[in-house]
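The next block holds one structure in the form of C-alpha cells; read it before the comments.
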Amino acid sequence: MNKYYYDLHIHSCLSPCGDDDMTPNNIAGMCALNGINIAALTDHNSAKNCPAFFEACKRYGVIPIAGVELSSAEDIHFVCLFPELEMAMEFDKEIEKHMPPISNRPEIFGEQMILNGEDEQIGVEEKLLITATDLWADEAIRLARSFGAHVRPAHIDRTSNGIIAILGDVPREYNFNFVEFNDVANKEEYFDKYQSIADKSVIVSSDAHHLWDINTAENYFEIDDEPYSSANVRRKLFEMLCGN
C-alpha cells in the first residue's frame, strides 16, 4: 500500500469563474510542485478540457482523472468522476442536451476557453456553463452513474450550492459512499449534526479556481498499486470510490 496525495476538484479556464492561468499544463505543473499524485479536472457542466489535461499530466507525472462538476436543477453541485476519459467525453455530450439556451457573456462571467495539450486555445464554449441543468438531483445522480461515474455532493459545508444548504440534509436514497468537504475542520460539526452522513467517507478537495488554491500534499488515499501503472492506480481508486 502506498500513499497517493490527491485533489479531486479543480477548475480550468473553461469554467468562466476559473482564472485564465488555470490551463491544463499550469494545473498539472502546480499539482506536481505541491506533491499531488492524483488530480481531477472538474469544470462546471463540461469535460472539454479533460483531453488536454490528460496530456499535460503525463508530462508532469500526475495521474489524471476526468470529471465534471454537475449542477442540478436545484443548483446543487455534484462532482462526477469517470474511470476513463472516453466516458467523461460521452457524458459531456449528454450534459449539453440538458443545458439552458443561455449564451456566455465573457465581459460579465469570464472566458470559457477550450485548450489543447500545449495550452493553445482551440475554441470557446458558447453556452454559459455556470447555469443549472434541467436535471433534478436524483436524475443528475442517476444519469452520471449510468455513464460509470463516481458521484459525490460537492463542498457540503458551503452555504452556496451545497446539498445540505439547499435540501437541509443528504438524502440516504442517493447512496453516496463519500461526501466532500472544502474545509476538513467542519467535519466533526457536520457529522454530529447530520446523521445521514455519519457513515460516509470524506474527501477534502480544493475546488480550486486559481493556481494557488490547489491542494498541497495533505489528504491521501492508501492504494495497493502493484503491479504499478497509472491505469492500475486509477482502477484501484475507483474501486475504492465506488465501494467495490
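Mapping of the sequence shown onto our numbering: position 236 corresponds to residue 240, and the numbering continues sequentially without gaps.
All residues carry an ideal CB built from backbone N, CA and C; glycine is no exception.
Everything numeric in this text was worked out from a predicted model, so none of it was measured.
Asked, Found
"Sequence-distant residues of its chain with Cβ nearer than 8 Å to Glu226 (five each side left out)", "Met5, Asn6, Lys7, Tyr8"
"Proximal residues to Ala32 (C-beta, below 6 Å), its chain only, five neighbours per side dropped", "Ala60, Cys61, Tyr64, Val66"
"Proximity to Tyr10 [Cα-Cα], best of Ser200, Arg238, Pro20, Lys204", "Arg238"
"Nearest-angstrom Cβ-Cβ length linking Phe86 and Gly152, presumed shorter than 8 Å", "6 Å"
"For Asn190, the nearest candidate out of Arg176, Phe182, Val208, Asn179 (CA to CA)", "Val208"
"Closest by C-alpha distance to Ile201, when choosing among Phe185, Ser210, Trp216", "Phe185"
"Nearest to Val188 (by Cα), restricted to the options His213, Asn223, Trp216", "Asn223"
"Leu133 vs Met103 beta-carbon contact at 9 Å", "yes"
"Simplified DSSP state of Ala221, which is helix, strand or coil", "coil"
"Pair within 9 Å by beta-carbon distance, Ile69 and Ile218", "no"
"Extent of the continuous alpha helix (DSSP H) run through Gly33", "28-37"
"Close-in-space but distant-in-sequence residues of the same chain around Ala56 (CB under 6 Å, 5 per side omitted)", "Pro28, Leu119, Asn120, Gly121"
"Simplified DSSP state of Asp142, which is helix, strand or coil", "helix"
"Val83 - DSSP class collapsed to helix/strand/coil", "strand"
"Those residues which DSSP pairs with Asn6 across a bridge", "Ile227"
"Nearest residue (CA-CA) to Leu241, options Glu88, Ala36, Pro157, Thr220", "Glu88"
"Own chain residues within Cβ distance below 8 Å of Leu171, not counting five before or after", "Glu78, Ile80, Ala141"
"Per-residue burial, Ile42 [other beta carbons within 10 Å of its own, 16 or more giving buried]", "buried"
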